[in-house]
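Comments concern the structure below.
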């Protein structure tokens, strides 16, 4: 039986990187975006995220969107209120980015510590062509370990189970976050592709 490595193993490695190292790795990863571009329509809608926890920086993704004529969006948690159990509805919706730098996007901090922007223009995940998914670890079959909140699996579960081709689910991470095999739960939604500083792979 496969047991997953502890999340702190990867988050500790991320935090040990300097800002300069993070930026350099992100530049290397961004060189592979041209191969993702081959699968996208003109004016594609791309879901990004804030790299607030030592992740591979996502500003190069926004730069790429703006150079390529793509429209970039950020996730919003809790826009749908509470579910019938009284918990926050975990389905993400997405708001357009109107700034050229993520650092300039006005945000507030969600109770889970994530930065998020609020806007009256909210899109469902199925309205996007690509969602760049944050992750703690990913295996060589495309199974993703998230932060444990279940937001992306909940958001993408229905479209994945229905066999929908959109949105493409793409991981964006450091090479040390790629492992041989992760345990997979029935509700987990695997990635379609992965971009790291060393290359792009499709699952």
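Numbering (the numbering used here), first residue to last: 2 to 204.
Note that the Cβ used here is the ideal one computed from N, Cα and C, for glycine as well.
As the structure is a computational prediction, the values presented were derived from the model and not from experiment.
Contacts around residue i, its chain only, beta-carbon distance under 6 angstroms, and the 5 residues preceding and following it disregarded
i: residue 194; result: 171, 203
i: residue 143; result: 191, 192, 204
Alpha carbon of residue i to alpha carbon of residue j, nearest angstrom
i: residue 100; j: residue 3; result: 43 angstroms
i: residue 23; j: residue 185; result: 29 angstroms
i: residue 40; j: residue 67; result: 17 angstroms
i: residue 148; j: residue 54; result: 10 angstroms
i: residue 19; j: residue 58; result: 12 angstroms
i: residue 69; j: residue 13; result: 34 angstroms
i: residue 240; j: residue 47; result: Coverage of the chain is limited to positions 2 through 204, which leaves residue 240 absent and any answer about it impossible.
i: residue 10; j: residue 65; result: 30 angstroms
Per-residue DSSP class, three states only, for residue i
i: residue 114; result: With a pLDDT of 49 at residue 114, under the threshold of 50, the modelled position of this residue cannot be trusted; read the value that follows with caution. Residue 114 falls in the coil class under three-state DSSP.
i: residue 104; result: helix
i: residue 20; result: helix
i: residue 188; result: coil
i: residue 63; result: helix
Per-residue burial, residue i [other beta carbons within 10 Å of its own, 16 or more giving buried]
i: residue 181; result: exposed
i: residue 17; result: exposed
i: residue 188; result: exposed
i: residue 192; result: buried
i: residue 178; result: buried
i: residue 126; result: buried
i: residue 32; result: exposed
i: residue 7; result: exposed
Contacting residues, own chain, Cβ-Cβ under 8 angstroms from residue i (five flanking each side not counted)
i: residue 5; result: 138, 146, 183, 184
i: residue 123; result: 77, 80, 94, 95, 96
Cβ-based neighbour list, residue i, same chain, cut-off 7 angstroms, excluding 5 preceding and 5 following
i: residue 199; result: 176
i: residue 45; result: 71, 130, 131
i: residue 205; result: Since the first residue shown for the chain is 2 and the last is 204, residue 205 is missing from the structure and cannot be characterised.
i: residue 26; result: 57, 175, 198
Distance cut-off 7 angstroms: residue i Cβ against heavy atoms of the ligand FAD
i: residue 29; result: Here there are no bound small molecules, and the ligand FAD is not part of this structure.
Supposed close pair residue i, residue j - CB separation, criterion 8 angstroms
i: residue 73; j: residue 49; result: 5 angstroms
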